Amino acid sequence: MKSVFFGAVSATALIASAVHAEPQAEVLHWWTSGGEAKSVAVLQEEFASKGGTWTDMPVAGGGGDAAMTALRARVLSGNAPTAVQLKGPAIQEWYEEGVLADISAVAEAQGWADVLPASIAGHMKCEGTWCAAPVNVHRVDWIWANADVLEANGIEMPTTWDEFNAAADKLAAAGVIPLAHGGQAWQDATVFEAVALGILGPDGFRKAFVDLDMDTLKSDEMKAVFDQMRTMRGYVDENFSGRDWNLATAMVMNGEAAFQIMGDWAKGEFMAAGKVPGEDFLCASVPGDGFLYNVDSFAMFNVDGDDKKAGQDLLAELIVGQNFQKVFNLNKGSIPARIDVPLDEFDSCAHLSAKDMSESSDNGSLLPSYAHGMALRGAQSGAITDVVTAHFNSDMSSDEAVNMLADAVANSM
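Residue numbers for the sequence shown, in mature numbering (1 follows the signal peptide of the UniProt record, and there is no 0): -21 to -1, 1 to 392.
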């Protein structure tokens, strides 16, 4: 039988019966695109190198909806996977159903509380116990651009929404698609919350999409957010409906489009294609202050068998370990959740992200993404996105959208 080594601290400190079991893990996730698949392969390889046997259960679909449907079917049948890609309030929702395992022994042995930002660590805990392991920190509020297209048209990265609109008008006049976008609800929501952060500011964003404050949801500033979304609807091409996010990224890569507003998983696609940040493509935060985060994480489900429990302990330790945090995030486009991982090998966009995250954490503007399941539970976030998508794909006025938004949120609570 293969020996299992959990590290200097935890090899003897964790469950004694699991130390002699061969780690087994069936892992459900939705990382199936180029950059994502390459990233999860890193974890598979490291798990195998420690004597583990990994059974992969990928479920395609960038937003993870299909994966959650598959998960619910497995749990209801009494056959939960060992580990599942979960994030935000969804972790607590599954905990409340009594199906999550406690991984506090690993977290405490490895000192997670000392190396994770407090706001990120809070998402990983369920009533004080550690119930999930963070993989990374994605920034959602990025603008990506094709460097050659901008240079050819005399355009610099915009720092205000007025500058963005002026650049987009100039690009459109030159026959370039200003904004690469995929007409899927979660992509609409991604652009919407990036615009909202810039126009509402961090405090207004928190009130609207974390606290669900009705005055903010119905404010003139929120109308201005929908006004900007209406303007941006004119900057996408007519074939945007249903397009996957990575195909929109490819439009920027090949010069068909100039900009994309998307989280930094898009950078993973650029990098996987051999593109160089600062030369082939440019990155900048969207206009305005603040930092919207989307943290990928894995929750461990209650399973029988020492081999599976050993697999959970090993997975949890590897996921938050310095080596995996470095190698994985170099592939994925995100930055490590751990604050003590050296960034020497990371690109300029990652350095900007880490700098902004640290500053935002200090000044209170490090905010959870509503569009990516970090800020709200499913009913509330779904209600908001339904309105965002309905507005983006119709002639609905901003006044109508704000009233519909307030009603939808009220009815979802």
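Glycine is no exception: its CB is placed at the ideal position from the N, C-alpha and C atoms.
Keep in mind the model is a prediction, meaning the values are calculated, not measured.
query	result
Neighbourhood of Ile240 by C-beta, 6 Å cutoff - its chain only, sequence neighbours within 5 removed	Ile122, Val170 and Ala173
Buried or exposed (CB count within 10 angstroms, at least 16 for buried), Gln3	buried
Helix, strand or coil at Tyr74 according to DSSP, with G and I counted as helix	helix
Supposed contact pair Gly162 and Gly242 - C-beta distance, whole angstroms, cut 8 Å	About 17 Å; that fails the 8 Å criterion.
Inter-residue Cα distance where the pair is Asp335 and Asn308	17 Å
Outcome for Leu55 when other beta-carbon atoms lying within 10 angstroms are tallied against a minimum of 16	exposed
Exposure label - Leu65; buried when at least 16 CB within 10 Å	buried
Spatial distance of Leu196 from Tyr272 (CA atoms)	21 Å
Given Met392 as reference, the closest of Val38, Gln359 and Gln71 once Cα atoms are compared	Gln359
Ranges of the beta strand (DSSP E) found wholly within the segment 157 to 213, counting only runs of at least 3	none
Same chain only: Cβ atoms within 7 Å of Gly234, ignoring 5 sequence neighbours per side	Asn125, Asp127 and Val128
Inter-stretch contact (C-beta, 8 Å, three-pair minimum) for the segment 186 to 201 and the segment 375 to 383	yes
Pair within 7 Å by beta-carbon distance, Thr368 and Asp206	no
Same chain only: Cβ atoms within 7 Å of Gly183, ignoring 5 sequence neighbours per side	Thr195 and Glu200
Whole-number beta carbon distance between Ala316 and Gln304, since they are thought to touch under 8 Å	7 Å
For Asp190, the nearest candidate out of Leu331, His370 and Leu346 (CA to CA)	Leu346
Beta-carbon gap between Ala88 and Ala289 smaller than 7 Å	no
Coarse secondary structure for Lys254, derived from DSSP in three states	coil
7 Å Cβ cutoff met for Asp120 and Val265	yes
Near the ligand ZN: Ser327 beta-carbon under 6 Å from a heavy atom	Among the components modelled here there is no ligand, and therefore nothing to report on the ligand ZN.
Beta-carbon contacts of Phe188 that lie in its chain and below 6 Å, excluding the five residues immediately before and after	Tyr349 and Ala354
Straight-line Cα distance separating Ala385 from Asp192	9 Å
Three-state secondary structure assigned by DSSP to Leu7	strand
Rounded separation between Leu294 and Met211 - CA only	42 Å
DSSP three-state assignment for Asp285, whether helix, strand or coil	helix
Length-filtered (4 minimum) alpha helix (DSSP H) runs lying within the segment 337 to 385	357 to 371
Same chain, Cβ closer than 7 Å to Val63, five either side skipped, listed in chain order	Leu7, Leu50, Phe277, Ala278 and Phe280
Cα-Cα separation, Arg338 to Val116	The sequence as given places Glu at residue 338; Arg does not occur at that position. So the two alpha carbons sit approximately 15 Å from each other.
Residue closest to Met47, alpha-carbon to alpha-carbon, out of Val320, Ile70 and Ser28	Ile70
Range of the contiguous beta strand (DSSP E) that encloses Ala263	Phe260 to Ser264
Cβ distance (whole Å) where Leu150 is taken to contact Gly269 below 8 Å	26 Å between Cβ atoms; not a contact.
Simplified DSSP state of Phe303, which is helix, strand or coil	helix
Three-way DSSP call (helix, strand, coil) for Phe325 in this model	coil
Check whether Val320 and Pro113 have beta carbons under 7 Å apart	no
Same chain, Cβ closer than 7 Å to Trp33, five either side skipped, listed in chain order	Ala4, Val6, Gln23, Phe26 and Ala27
Residue range of the unbroken alpha helix (DSSP H) whose run includes Phe270	Unbroken run through Phe270 is the beta strand (DSSP E), Phe270 to Asn273; no alpha helix (DSSP H).
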